[in-house]
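First up is the structure itself, then whatever we jot down about it.
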Amino acid sequence: MNKLPQITLAFWVMKICATTLGETAGDLLSMTLDVGYAVSSMILISLFLVTLLGQLASKRYNPWLYWLVILSTSTAGTTMSDFMDRTLGLGYATGSAILVSILIAIFALWRLSGTSLSVDRIRSFKGEMFYWMAILFSNTLGTALGDFLADDSGLGFAGGALLIGSLIAVVVLLHYFTRLSSVLLFWIAFVLTRPFGATLGDVLTKSHEKGGLDFGTIGSSAILAGILLVLVVAVSVRQKRKSGTGAAVLSS
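With my numbering applied, the sequence shown corresponds to residues 72 to 323, in that order.
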C-alpha cells in the first residue's frame, strides 16, 4: 500500500499551510465563535475520526483525503492543547512535557510492534494507525510549543516564528549534510513546523498592537484555505498526469 505522499518541498509548504490553517480555524471555533475549548475539542476530534476512517478505508494515496486528515489533526491539536493549557490550567510548559511523553510512548510502541516506521510508505494497518496517532499528537505538541514561545518566552509572535524557522533550517542542513536517520529528522521537522504554523497564525490573526497583521481568524482562515486548496489541486493534477503516463508506458 502506498498511501503517503512523497516528502518533497511541496509537502512541507502544504504542511505549514495546513497547520497554520489549523491554528486559525481552531481559534475561530473556540474563541471567535465562543464555543469553548472542551466542546471545540470534542467536535474537532470527531471530525478527525471521521476523516481518519476515510483515509484508513482508502487503498491508495488520495491528496484530498490525506490533507483533509492532516488539517483535521491540526485543528483538533489546537483546541486539545488550549484545553490542556488553559481550561485545565496546566500551563504551556507542563502541557508540552505531557505531550512529549505521549509522543515518545507512541514511537516506542510503534517500534516495539515490529512494524516499519517509514514515513513515505504504509505497509500495514497497524503502522498506519501509529502514523496518524503520531501526527495528531505532534500537531498538538506543536501548538503548545508555539503558544509557549509566543506568550511566555518573551520572543513574541514574530520572534517565535523566526526561532522555529531557524531550527527548521538546521534540520534541513542535517538532512543534506549528515547521516542522521531521515525518519528521525522527518518527525523533528514535523513537530517544528506545527509551532511555526502556530506562531505564523498568531502573526496573521492578532492585532497590530500585539505585533500581528490583524487579519482576524476569519480572514486568515480564508486566505490559508485558498492557498492550501490551490496546492492540493496542483498535486492532484500532477498525480493524475503521472498515473496517465505510467499507464501509457505499461500499455505500449
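Just so it is clear, CB atoms sit at the ideal spot from N, CA and C, and this is done for glycine as well.
(request) Could you tell me whether the Cβ atoms of F257 and I78 are closer together than 8 Å? (result) In the sequence shown, counting from the first residue as 1, residue 257 sits at position 186. In the sequence shown, counting from the first residue as 1, residue 78 sits at position 7. Against a cut-off of 8 Å, the Cβ pair of I78 and F257 comes out as a contact.
(request) Check each candidate in L92, G125, Y137, L118 and name the one with the smallest Cα separation from S307. (result) As a working mapping, residue 307 is identified with position 236 in the sequence shown. Nearest C-alpha to S307: Y137.
(message) Can you find the residues in the same chain that come closer than 7 Å, C-beta to C-beta, to F219, ignoring five residues on each side of it along the sequence?
(response) As a position in the sequence shown, residue 219 is number 148, starting the count at 1. For F219, where only same-chain residues beyond five positions count, the Cβ hits under 7 Å are Y163, A164, S167.
(request) Indicate whether N210 and S145 have their beta-carbon atoms separated by less than 8 Å. (result) The residue you call residue 210 lines up with position 139 of the sequence shown. The residue you call residue 145 lines up with position 74 of the sequence shown. It is a contact, given that the beta carbons lie within the stated cut-off.
(request) Compute the distance between the beta-carbons of R265 and G217, then report whether it is under 8 Å. (result) Taking the sequence shown and counting its residues from 1, the one referred to as residue 265 is at position 194. Taking the sequence shown and counting its residues from 1, the one referred to as residue 217 is at position 146. Yes, the Cβ-Cβ distance between R265 and G217 is below 8 Å.
(request) Decide if I193 is buried, meaning its Cβ has at least 16 other Cβ atoms within 10 Å, or exposed. (result) Position 122 of the sequence shown holds residue 193. Buried: at least 16 other Cβ atoms inside 10 Å.
(request) Let me know if F196 comes out buried or exposed under the rule of 16 or more other beta-carbons within 10 Å of its beta-carbon. (result) Translated into positions along the sequence shown, residue 196 becomes position 125. Result: exposed.
(request) Starting from the C-beta of S129, find all residues in its chain whose C-beta is less than 8 Å away, skip the five residues before and the five after it, and write them out in chain order. (result) Sequence index remark: in the sequence shown, residue 129 carries index 58 (1-based). Answer for S129: K74, L136, listed in chain order.
(message) Can you check which of these residues, D105, T91, P76, is closest to V262 by C-alpha distance?
(response) As a first step, residue 262 is located in the sequence shown; it is residue number 191 there, counting from the start. Nearest of D105, T91, P76 to V262, Cα basis: T91.
(message) Please classify F154 as buried or exposed, where buried requires at least 16 neighbouring CB atoms within 10 angstroms.
(response) Position 83 of the sequence shown, counting from 1, holds the residue named residue 154. It is buried - the Cβ of F154 has at least 16 other Cβ atoms within 10 Å.
(request) Count the CB pairs spanning the stretch 169 to 178 and the stretch 118 to 126 that are closer than 8 Å, and state whether there are at least three. (result) no
(request) Would you kindly check if the distance between the Cβ of L275 and the Cβ of T95 is under 8 Å? (result) Within the sequence shown, the letter at position 24 stands for residue 95. Within the sequence shown, the letter at position 204 stands for residue 275. A contact, by the Cβ cut-off of 8 Å.
(request) Please classify N210: does DSSP put it in a helix, a strand, or coil? (result) Counted from its first residue, the sequence shown places residue 210 at position 139. Three-state result, N210: helix.
(message) I need the DSSP call for Q77, collapsed to helix, strand or coil.
(response) Along the sequence shown, one-based indexing puts residue 77 at 6. The answer is coil: DSSP assigns Q77 none of H, G, I, E or B.
(message) Can you tell me whether I193 is helix, strand or coil according to DSSP?
(response) Start at 1 with the first residue of the sequence shown, and residue 193 comes out as number 122. Coil, per DSSP.
(request) Measure the Cβ-Cβ separation of A109 and L207 and say whether it is below 8 Å. (result) As a working note, residue 109 is residue 38 in the sequence shown. As a working note, residue 207 is residue 136 in the sequence shown. Contact: no.
(message) Do T149 and G198 count as a contact pair if the criterion is CB distance below 8 Å?
(response) In the sequence shown, counting from the first residue as 1, residue 198 sits at position 127. In the sequence shown, counting from the first residue as 1, residue 149 sits at position 78. Against a cut-off of 8 Å, the Cβ pair of T149 and G198 comes out as no contact.
(request) Please classify D218: does DSSP put it in a helix, a strand, or coil? (result) Position 147 of the sequence shown, counted from the start, is the residue given in the question as residue 218. Residue state, collapsed to three classes: helix.
(request) Take V320 and list the residues in its own chain whose beta-carbon comes closer than 7 Å to its own, dropping the five residues that flank it on each side. (result) Looking up residue 320 in the sequence shown gives position 249. No answer about V320 holds up, because its pLDDT of 49 lies below 50 and its placement is not dependable.
(request) List the endpoints of the continuous alpha helix (DSSP H) containing F267. (result) Here the question's residue 267 lines up with position 196 in the sequence shown. Looking at the DSSP string, the run of the alpha helix (DSSP H) that includes F267 is 253 to 276.
(message) Alpha carbons only, please: which of R182, D98, G213, A293 is nearest the one belonging to I235?
(response) As a working mapping, residue 235 is identified with position 164 in the sequence shown. Ranking R182, D98, G213, A293 by Cα distance to I235 puts G213 first.
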